[in-house]
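Notes to accompany the following structure.
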Amino acid sequence: MVREQYLTTTDDSGTLASVSEYIYMIGIYGWRKRCLYLFVLLLLIILVVNFALTIWILRVMWFNTEGMGYLQVNADGLRLEGESDFLFPLYAQEIDSREDSALLVHSSENVTLNARNANGDVTGCVSVGPSQAEGFGKHFNISSNHDENLFYADGNGAVVGKGKLRVTGAEGAFFEHSVRTPLVKAVLNKELKLESPTRSLTMDAPKGVHVKALAGNVDVTAHFDILLHSTAGLLILDAESVRLPTLPVGEARTSGDSQGMYDMFEVCVCPSGKLFLSRAGVSSTCSEHQDC
Numbered sequence: 003m004v005r006e007q008y009l010t011t012t013d014d015s016g017t018l019a020s021v022s023e024y025i026y027m028i029g030i031y032g033w034r035k036r037c038l039y040l041f042v043l044l045l046l047i048i049l050v051v052n053f054a055l056t057i058w059i060l061r062v063m064w065f066n067t068e069g070m071g072y073l074q075v076n077a078d079g080l081r082l083e084g085e086s087d088f089l090f091p092l093y094a095q096e097i098d099s100r101e102d103s104a105l106l107v108h109s110s111e112n113v114t115l116n117a118r119n120a121n122g123d124v125t126g127c128v129s130v131g132p133s134q135a136e137g138f139g140k141h142f143n144i145s146s147n148h149d150e151n152l153f154y155a156d157g158n159g160a161v162v163g164k165g166k167l168r169v170t171g172a173e174g175a176f177f178e179h180s181v182r183t184p185l186v187k188a189v190l191n192k193e194l195k196l197e198s199p200t201r202s203l204t205m206d207a208p209k210g211v212h213v214k215a216l217a218g219n220v221d222v223t224a225h226f227d228i229l230l231h232s233t234a235g236l237l238i239l240d241a242e243s244v245r246l247p248t249l250p251v252g253e254a255r256t257s258g259d260s261q262g263m264y265d266m267f268e269v270c271v272c273p274s275g276k277l278f279l280s281r282a283g284v285s286s287t288c289s290e291h292q293d294c
């Protein structure tokens, strides 16, 4: 804006004379000034809102000198109290719970734990889903509090470290292939049953198979044949009495040597190993009538 200003001066004759002088004032006026004030006011409002949001975030997140709320930062790592949700993968070397509480990992889908090598490749994985739990690795090991090996499994087989493997299911244990064990024993006051519904059942040992019932009977039932075979030893049936109730009965002799001895029988053995009964005489009657 230009302003005209008049000044009075005195000439040589002593009279006053007016001199016009132009003064140029530089500034922002009008709508530009109002826009500037509005912009400054908007910046002030944004500053106040940001300051209020910062104070609110600090208050809600519970920032303090030791950490953030229940999350505390110390020399050993991070300590988190209460429940927390992780939206993305969590990388940690060790996760421990408090001494007086358990560590609970919960997810609506599944929980997956991965172990990686220096190259970033997954070397072991445990995944727990809504319907099943899966895991893979070179081997699987379960130890007790005293570092005793309770269970070990790898590609070659599984090992039960304790002296006793106990199966409490009503149907017992099901094995698709062979089982190697030094002792098979039933629970106290329970029966022990070894069964193969559709195939054969074979018990083999280099130094013999010992079947013993301390307070009961030993029942062996088969649809076809029962074979008791010893390669270089004896077959011993150690009992007060051995009964073969369905053994075939041989025919009686008609000679006078066997008179009065019809109530006695002898057990005969065929070349194939089959047993049968024959009425006893003074001499053996097996060769006269072989029911083989």
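Counted the way this note's numbering counts, the sequence shown spans residues 3 to 294.
Ideal placement from N, C-alpha and C gives every residue a C-beta, glycine not left out.
| Query | Result |
| --- | --- |
| LEU246 versus CYS270, SER232, THR233, residue with shortest Cα-Cα distance | CYS270 |
| Backbone CA spacing between PHE278 and SER133 [nearest angstrom] | 59 Å |
| Beta-carbon contacts of LEU38 that lie in its chain and below 7 Å, excluding the five residues immediately before and after | ILE30 |
| Segment limits, beta strand (DSSP E) that includes TYR72 | Counting along the chain, TYR72 falls outside any beta strand (DSSP E), and DSSP gives it neither H nor E. |
| Bridge-paired residues (DSSP) for SER145 | ASN151 |
| Enclosing beta strand (DSSP E) for VAL128 [first to last residue] | 124 to 130 |
| DSSP three-state assignment for ALA117, whether helix, strand or coil | strand |
| Close-in-space but distant-in-sequence residues of the same chain around VAL124 (CB under 8 Å, 5 per side omitted) | ASN116, ALA117, ARG118 |
| Nearest-angstrom beta carbon gap, TYR154 and ASN147 [assumed within contact, 8 Å] | Contact doesn't hold; Cβ gap of about 17 Å is too wide. |
| Completely contained beta strand (DSSP E) runs for the segment 155 to 242, where each covers 3 or more residues | 160 to 162 |
| Pairwise C-alpha distance: PHE176 and LEU194 | 14 Å |
| Span separating the alpha-carbon of ASN151 from that of THR233 | 38 Å |
| Rounded separation between LEU49 and VAL42 - CA only | 11 Å |
| C-alpha distance - ASN52 paired with LEU44, whole-angstrom precision | 12 Å |
| Contacts around SER99, its chain only, beta-carbon distance under 7 Å, and the 5 residues preceding and following it disregarded | LEU105 |
| DSSP state of ARG100 mapped onto helix, strand, coil | coil |
| Local conformation of VAL50 per DSSP, three classes | helix |
| 8 Å contact criterion, which THR287 and GLU268 should meet: CB distance rounded | 7 Å |
| Nearest to LYS276 (by Cα), restricted to the options SER285, GLY139, LEU230 | LEU230 |
| Pairwise C-alpha distance: TYR72 and GLU85 | 9 Å |
| Same chain, Cβ closer than 6 Å to ALA172, neighbours up to 5 away in sequence not counted | none |
| Same chain only: Cβ atoms within 8 Å of ILE103, ignoring 5 sequence neighbours per side | First, the amino acid is wrong: residue 103 is Ser here, not Ile. Answer for SER103: no residue qualifies. |
| Simplified DSSP state of PHE65, which is helix, strand or coil | strand |
| Test item: CB-CB of ALA241 and MET266 under 8 Å | no |
| SER285, buried or exposed, once every other Cβ within 10 Å from all chains shown has been counted against 16 | exposed |
| Under the three-state DSSP convention, the category PHE138 falls into | strand |
| Nearest-angstrom Cα separation, counted from LEU203 out to MET263 | Model confidence at MET263 stands at a pLDDT of 42, short of 50, so the residue's coordinates are unreliable; what they give is reported in the following sentence. Their Cα atoms are separated by approximately 42 Å. |
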